Amino acid sequence: MIQVFAFYLFATLMIAAGALTIFARNPVHSVLWLIVAFFNAAGLMVLVGAEFIAMLLVIVYVGAVAVLFLFVVMMLNIDFAELRAGFVSYLPFGVLIALGLLAEILLGLGVWKAGPLQLSQRAAPTPADVPNIKAIGQVLYTDYIFLFEAAGIILLVAMIGAIVLTHRARSGVRAQNIDKQNRRRPQDAVVNVNQPVGQGVEL
Amino acid sequence: MTAFFQSYGIPFEAAWLLSTVIGILLIALPLMLAVAMIIYADRKIWAAMALRRGPNVVGPFGLLQSFADGLKVFLQETIIPSAANKGLFLIAPIITFTVALLAWAVVPFDVGVVLADINVGLLYILAISSLGVYGIVIAGWASNSKYPFFSAMRASAQMISYEVSIGFILICVVLWAGSFNLSQIVESQKGYYGFLNGNGFNPLLFPMAVMFLISAMAETARAPFDLTEAESELVAGYQTEYSSMAFALYWLGEYANVILMCALNAILFWGGYLPPVDWAPLYMVPGIIWLFAKILFFFFVFSWVKATVPRYRYDQLMRLGWKVFLPTSLLFVFLVSGFLMLTRYGG
Numbered sequence: 001m002i003q004v005f006a007f008y009l010f011a012t013l014m015i016a017a018g019a020l021t022i023f024a025r026n027p028v029h030s031v032l033w034l035i036v037a038f039f040n041a042a043g044l045m046v047l048v049g050a051e052f053i054a055m056l057l058v059i060v061y062v063g064a065v066a067v068l069f070l071f072v073v074m075m076l077n078i079d080f081a082e083l084r085a086g087f088v089s090y091l092p093f094g095v096l097i098a099l100g101l102l103a104e105i106l107l108g109l110g111v112w113k114a115g116p117l118q119l120s121q122r123a124a125p126t127p128a129d130v131p132n133i134k135a136i137g138q139v140l141y142t143d144y145i146f147l148f149e150a151a152g153i154i155l156l157v158a159m160i161g162a163i164v165l166t167h168r169a170r171s172g173v174r175a176q177n178i179d180k181q182n183r184r185r186p187q188d189a190v191v192n193v194n195q196p197v198g199q200g201v202e203l
Numbered sequence: 001m002t003a004f005f006q007s008y009g010i011p012f013e014a015a016w017l018l019s020t021v022i023g024i025l026l027i028a029l030p031l032m033l034a035v036a037m038i039i040y041a042d043r044k045i046w047a048a049m050a051l052r053r054g055p056n057v058v059g060p061f062g063l064l065q066s067f068a069d070g071l072k073v074f075l076q077e078t079i080i081p082s083a084a085n086k087g088l089f090l091i092a093p094i095i096t097f098t099v100a101l102l103a104w105a106v107v108p109f110d111v112g113v114v115l116a117d118i119n120v121g122l123l124y125i126l127a128i129s130s131l132g133v134y135g136i137v138i139a140g141w142a143s144n145s146k147y148p149f150f151s152a153m154r155a156s157a158q159m160i161s162y163e164v165s166i167g168f169i170l171i172c173v174v175l176w177a178g179s180f181n182l183s184q185i186v187e188s189q190k191g192y193y194g195f196l197n198g199n200g201f202n203p204l205l206f207p208m209a210v211m212f213l214i215s216a217m218a219e220t221a222r223a224p225f226d227l228t229e230a231e232s233e234l235v236a237g238y239q240t241e242y243s244s245m246a247f248a249l250y251w252l253g254e255y256a257n258v259i260l261m262c263a264l265n266a267i268l269f270w271g272g273y274l275p276p277v278d279w280a281p282l283y284m285v286p287g288i289i290w291l292f293a294k295i296l297f298f299f300f301v302f303s304w305v306k307a308t309v310p311r312y313r314y315d316q317l318m319r320l321g322w323k324v325f326l327p328t329s330l331l332f333v334f335l336v337s338g339f340l341m342l343t344r345y346g347g
């Protein structure tokens, strides 16, 4: 009973937040509605017993990705008139993407009607008393270890690529040397001189 | 507690709801009281270190100072700047306050005394603490004012930076304990060298304990990392435009977060509700008292640092997070997992 109530609560809120993400006039509001949608998705994950995925969804998407989105969007100087001016020229492209997504949904529904896919792992489901994290680890680090490692390497390459693309070796920059700063003592910089009156200082 | 209500003939679902609500109240109300008293303690410690008296007028020894302040802000007018984004401006402090309370759901106060004993307890805390930044960022943006906005930018960069190293530090503890469940993490710290309780006595985890303490200060934006409210540069930071109860919610949420970080420090590294020495008579003292003693000790360290250490510069803060803590914590993940691979799971 309470599960059904929670499911409909999360699902309704998620769809509403998704719709508001698109319809909100202000981009910052859009991002915030997106965060609400992520959050409700995490709630749905908990309901189906995937608490690990739910927590990761919140940590990664809400905690890191959406913060960066918000960071960027907040600093944009948005001119609403300019935004609407481009609408007509982007319309055909937008319709094309929408049609593609619609086709995918229809295809998915058709395949779902045809019956479930028989995966090798589906044959032996993990027992209910094994924690989520353990179950994922047992599959991820044995059967799918090569795919897992490949995903890691792709991310590493992407990261190095991003650094190479944005890194500029500038000349004439005096970089801070923390060790040197910390090693500096008063004796290195200050001299006490007992100066007779009327004579210049030898430095 | 669910079973207790069921014995009076209440159906399971209603009994569960009732016991959960009572559990939440049992945590949230004493927490609010604790926050009020800890603000007083903070001011007293700070005053003592500056050779001042601190609050000493309201009530005996000034004990009721926080309540007087609370009443004062409660009676003040809530001012909403005309240029502000009204809805978000009011939601932001509520988010900060709620998030500060949410994380307490998984904190174990004694053996089995925990509201939600979930398998992913530590991940839950990470998830909740990563939400904390929204209250500040939204406040900065919705105020539609320069200084709060600068402060929000600083806060989001600072919190994301230190969350990364906190994540790696927690991974070390999780690897050692073999569980994400906070109660099991506490239980796994029993009997170092046969007589000590606490991961902090482990030479591989002690550096992590120190780094966690420092990262916790940065994560909660306490001195010396309180750049989000550096008064000489940003007036009062993200809360410049706030007044009355909205301001008080930030205040309470901030201190609730600080207490939570002290509690996490105690739970993850210094044995939580276990006595520091594994000696039978010490177990006669209830676990909750040991936990509170440890929380208060770490809060004293927080106040001590606040009173004595000057504020960091922003580039120093970023350097510490990314160039010192991140590589070091990554190295320790490697060391801890390597050590466990060769000993506990080895062969």
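Just so you know, the sequences run in chain order E and V.
Everything in the first sequence is counted per the numbering used here, starting at 1 for the first residue and increasing by one.
Everything in the second sequence is counted per the numbering used here, starting at 1 for the first residue and increasing by one.
For each residue, glycine too, the CB sits at the ideal point set by N, CA and C.
Because the structure is a prediction, the values reported are computed rather than measured.
Under 9 Å by beta carbon: chain V residues contacting residue i
i       : result
F52(E)  : N119, V120, L123, F180
N194(E) : Per Cβ cutoff of 9 Å: no residues; N194(E) is ~33 Å from chain V at best.
P264(E) : Lying outside 1 to 203, the shown extent of chain E, residue 264(E) is not represented and no answer is given.
Close beta carbons around residue i, own chain, < 7 Å, minus the five adjacent residues each side
i       : result
T78(V)  : S243, S244, M245, A246
A177(V) : Q184, I185, S188
E241(V) : P81, A84, S143, S145, P148
A24(E)  : S30, W33
Y255(V) : V35, I38, I39
L140(E) : F148
V336(V) : C172, L175, W176, L204
W271(V) : This sequence places Gly at residue 271(V); Trp is not what is there. V186, Q189, N197, G198, listed in sequence order.
V295(V) : According to the sequence provided, residue 295(V) is Ile. The question's Val does not apply to it. So the qualifying residues of the chain are I259, C262, A263, A266.
Per-residue contacts from residue i into chain V (C-beta, under 7 Å)
i      : result
L70(E) : V137
Under 9 Å from the C-beta of residue i: neighbouring residues of chain E
i       : result
W141(V) : V28, L70, M74
Neighbourhood of residue i by C-beta distance below 6 Å, restricted to the same chain and skipping five residues each side
i       : result
G43(E)  : F10
G18(E)  : A37
A139(V) : A92, Y238
L264(V) : none
A54(E)  : A42, M45, V46
Interface residues of chain E facing residue i [CB-CB closer than 8 Å]
i       : result
S156(V) : V67, L70, F71
L126(V) : M55, I59, G63
L131(V) : V58, V62, G63
Listed by chain order, chain E residues near residue i by CB distance under 7 Å
i       : result
I24(V)  : Chain E residues near I24(V): none, gap ~16 Å exceeds 7 Å.
I160(V) : A64, V67
S151(V) : Chain E residues near S151(V): none, gap ~13 Å exceeds 7 Å.
E13(V)  : M1, I2
Reference residue i, options the options, closest by Cα
i       : options                            : result
R222(V) : K306(V), I166(V), Y283(V)          : K306(V)
I288(V) : Q76(V), I27(V), V21(V), A14(V)     : I27(V)
S215(V) : L252(V), G194(V), G237(V), M261(V) : M261(V)
W279(V) : N257(V), S151(V), F195(V)          : F195(V)
I24(V)  : L102(V), P93(V), G62(V)            : L102(V)
M284(V) : D110(V), E231(V), A266(V), P207(V) : D110(V)
Q316(V) : N182(E), P196(E), N192(E), V201(E) : N182(E)
V107(V) : F97(V), V120(V), I95(V)            : V120(V)
M32(V)  : I125(V), L90(V), L249(V)           : L249(V)
G329(V) : I267(V), A230(V), M208(V)          : Position check: residue 329(V) holds Ser in this sequence, whereas Gly was assumed. Of the candidates I267(V), A230(V), M208(V), the one whose C-alpha sits nearest the C-alpha of S329(V) is M208(V).
A236(V) : G200(V), W16(V), S151(V)           : S151(V)
Cβ-based burial, residue i [other Cβ within 10 Å; buried from 16]
i       : result
Q187(E) : exposed
P275(V) : buried
Y8(E)   : exposed
L123(V) : buried
F332(V) : buried
A123(E) : Summary for A123(E): the model assigns pLDDT 47, below 50, so the residue's position carries little reliability, and this model does not support an answer.
E51(E)  : buried
P60(V)  : exposed
M341(V) : exposed
M1(E)   : exposed
N192(E) : exposed
P55(V)  : buried
D179(E) : exposed
Cβ neighbours of residue i in the same chain (closer than 8 Å, five flanking residues each side left out)
i       : result
P310(V) : P224
Cβ-heavy atom distance, residue i to the ligand ADP, below 7 Å
i      : result
L88(V) : You won't find the ligand ADP in this model; it holds no ligand whatsoever.
Are the stretch 30-39 of chain E and the stretch 9-17 of chain E touching, with three or more C-beta to C-beta distances below 8 Å?
-> Counting Cβ pairs under 8 Å, three or more are found: they touch.
Give a yes or no on contact between the stretch 299-314 of chain V and the stretch 25-44 of chain V, applying the rule of three or more CB pairs nearer than 8 Å.
-> Contact between the stretch 299-314 of chain V and the stretch 25-44 of chain V is present: 3 or more CB-CB pairs across the two stretches fall below 8 Å.
Touching or not, the stretch 162-170 of chain V and the stretch 314-333 of chain V, by the rule of three or more beta carbon pairs under 8 Å?
-> Contact between the stretch 162-170 of chain V and the stretch 314-333 of chain V is present, because at least three Cβ pairs lie under 8 Å.
Tell me, please, whether the stretch 49-69 of chain V touches the stretch 200-217 of chain V by the rule of three or more beta-carbon pairs shorter than 8 Å.
-> No, because fewer than three Cβ pairs between the stretch 49-69 of chain V and the stretch 200-217 of chain V fall closer than 8 Å, the two stretches do not touch.
Do the stretch 153-163 of chain V and the stretch 131-141 of chain V touch if we need at least three Cβ pairs shorter than 8 Å?
-> A contact exists between the stretch 153-163 of chain V and the stretch 131-141 of chain V.
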